[in-house]
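> My questions will all concern the structure given below.
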Amino acid sequence: MLDEQSTMIAATVTKFVDRELIPLENEVLKAKASGEGHRGLNATQTEHLRKVSKDLGLWGLDAPVELGGYDLPAVTMAAVNEEMGRSAVSFTPPPDSPNLRMLQAVGTEAQKERYLKPYIEGRMTSAIGISEPGAGGDPAGMKTKAVLEGNEWVINGRKIWISAAKTADFIIVMARVGDGQRRGGITSFIVDQGSPGFIIEHEIPMIGGGKTYEIVFDNCRIPADSVLGQVGQGYAPMQLRLQTRRLEMGPTAIGMARRALDMLCEHAKQRETFGVKLADRQAIQWWIADIATRIHACRLMVQDAAEKVDRGEDVRLEASMIKVSATELAYDACDHAMQTLGALGMTTELPLNTLWQRARLMRMYEGPSEVHRQSIARRVLGH
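Under this note's numbering, the sequence shown is numbered contiguously, ending at residue 365.
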């Protein structure tokens, strides 16, 4: 159950989505189709959404109170993220929770003052560099290395699939220090945009209109105090960051599934084929029943995990379960809705196509479904 403050904030988010994001969809989808703007949002639209969301008090929802945030519990953030997921407009009030959690957990006081505070206030943005060509996010295959030379760290290697790399003010980069294997020596570093030897080599267009980047670190030099956490102990905070994103993706995907189901039902109740409403056809009814049931089940999973997070419990197993179940739910819901709408469902004029592409991406990033299923099985088996 949400307390009074959390209930009010969740209601405010619902109004923000209904009054600001959803009405923007037609304009944004047209812009995306023409190739204008990042993910369809232009600078004016982005600035408007930032101003409105800030005026509504939607910035820093889960940030610490002492730095100007609300420090809302995970159960409240789940409700917030579910509502935000309903819109095809890609917008999130600052800060981005996963990197916030990482900075909050292991950042020094100086790092919090320099990066965390302006990050919460929306004056800085960030990115994360984990995956590498040929290795993905597998720690055993991580080849990017960092060597301490005097009062500087020198980083050499490559990272790939980095969203926001071009616009981020700083990037949290995972690199190996020493000759450790697998998790050994993995260290987190804060690399400022424009650091010597930091090269954005390749822009990669992705489905859904977004872009990711391949980054080269060619003798990239950063100050010695750029280590985030302890040398050789970057794996645990990295996992905290990944867990936060996976738990965030769950309710977001539920919101996407809700929107798809709403569109499916609205069309099915109006559309007739051979004298019968689609809503009266068993095949459509079964789709509706299955999606509605899975939405309910996923929401209960998310609420359970959020309550455990608020109690300080380990939810790595639950995070994997939620990541698989919710993202596949969103994909199936969008797919069934598109099928129900027929040719109309294939157009890019409706938000369904954008939600469907987003759901497909979500099944891959932060660990593909197959890897999470393997992790779940190992934990259940006790391996």
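For every residue, glycine included, the Cβ atom is placed at its ideal position computed from N, Cα and C.
Return the residue from the list G123, P55, T169, E352 that minimises the CA-CA distance to E(-14).
Among G123, P55, T169, E352, the Cα nearest to that of E(-14) is on P55.
> Does the distance from the CB of G39 to the CB of I(-9) come in under 9 Å?
Contact: yes.
> Which of helix, strand or coil does DSSP assign to D53?
It is coil, neither helix nor strand.
> Under the three-state reduction of DSSP, which class applies to H20: helix, strand or coil?
In this predicted model, H20 has a pLDDT of only 49, less than 50, meaning its place in the structure is not dependable enough to derive any value.
> Relative to the C-alpha of I137, which residue among A128, W143, I144, S145 is closest?
Measuring from the Cα of I137, the nearest candidate turns out to be A128.
> To the nearest angstrom, how far is it from the Cα of L260 to the Cα of I182?
Roughly 50 Å separates the two Cα atoms.
> Skipping 5 residues on each side, what residues in its chain have a beta carbon closer than 6 Å to that of D174?
If we look at D174 and ignore the five residues flanking it on each side, its Cβ neighbours are F152.
> Looking at the structure shown, is K259 part of a helix, part of a strand, or coil, going by DSSP?
K259 falls in the strand class under three-state DSSP.
> Roughly how many angstroms lie between the CA atoms of K148 and Y195, to the nearest whole one?
For K148 and Y195, the distance between alpha carbons rounds to 8 Å.
> DSSP has P205 in a bridge; who is on the other side?
BP columns for P205 point to E134.
> From which residue to which residue does the beta strand (DSSP E) around E183 run?
Note, E183: beta strand (DSSP E), 180 to 187.
> Out of curiosity, what's the CA-to-CA distance linking G294 and T58?
Distance between the alpha carbons of G294 and T58: 15 Å.
> Let me know if I186 comes out buried or exposed under the rule of 16 or more other beta-carbons within 10 Å of its beta-carbon.
Classification of I186: exposed, given that the 10 Å Cβ count is below 16.
> To which residues of the same chain is G232 closer than 6 Å at the C-beta, ignoring the five residues directly before and after it?
Cβ neighbours of G232 beyond the five flanking positions: V284, I304, A308.
> Beta-carbon within less than 8 Å of S(-12)'s beta-carbon, same chain only, minus the 5 sequence neighbours each way: which residues are those?
Excluding positions up to five away in sequence, the list reads L54, P55, V57, T58, A61.
> Out of L85, A242, N63, M328, point me to the one whose CA is closest to P75's CA.
Out of L85, A242, N63, M328, N63 has the C-alpha closest to the C-alpha of P75.
> If I follow the unbroken alpha helix (DSSP H) through R281, where does it start and stop?
Unbroken alpha helix (DSSP H) run through R281: 264 to 292.
> Report the option in S108, M344, T107, M124 whose CA atom is closest to the CA atom of P115.
The shortest C-alpha separation from P115 is found at M124.
> Could you give the distance in angstroms between the alpha-carbon of A206 and the alpha-carbon of N133?
Computed Cα separation, rounded: 5 Å.
> Please name the residue, chosen from G327, R241, G349, S351, that lies closest to R68 on a Cα-to-Cα basis.
Per the Cα distances, R241.
> The alpha helix (DSSP H) spanning I358 covers which residue range?
351 to 363 is the span of the alpha helix (DSSP H), which, as asked, contains I358.
> Please state the DSSP three-state secondary structure of S79.
Three-state result, S79: helix.
> Taking DSSP as the reference, what is the three-state secondary structure of W338?
W338: helix per DSSP, three-state reduction.
> Between C202, G111, N81, I110, which has its C-alpha nearest K99's C-alpha?
When each option's Cα is compared against that of K99, the closest is N81.
> By how many angstroms is the C-alpha of W268 removed from the C-alpha of Q212?
Roughly 53 Å separates the two Cα atoms.
> Comparing C-alpha positions only, which one of I154, H354, I236 sits nearest to G216?
Of the listed residues, the one whose Cα sits closest to G216 is I154.
> In three-state terms, what does DSSP make of D0?
Here D0 sits in helix by DSSP.
> Taking contact to mean 3 or more Cβ pairs, one atom from each stretch, closer than 8 Å, check whether the stretch 220 to 238 and the stretch 346 to 364 are in contact.
With a cut-off of 8 Å, the stretch 346 to 364 and the stretch 220 to 238 count as touching, because enough Cβ pairs lie within range.
> Does D296 come out as helix, strand or coil in the three-state DSSP assignment?
If DSSP states are grouped into helix, strand and coil, D296 belongs with coil.
> Could you check what DSSP says for M(-10) in three-state terms: helix, strand or coil?
Residue state, collapsed to three classes: helix.
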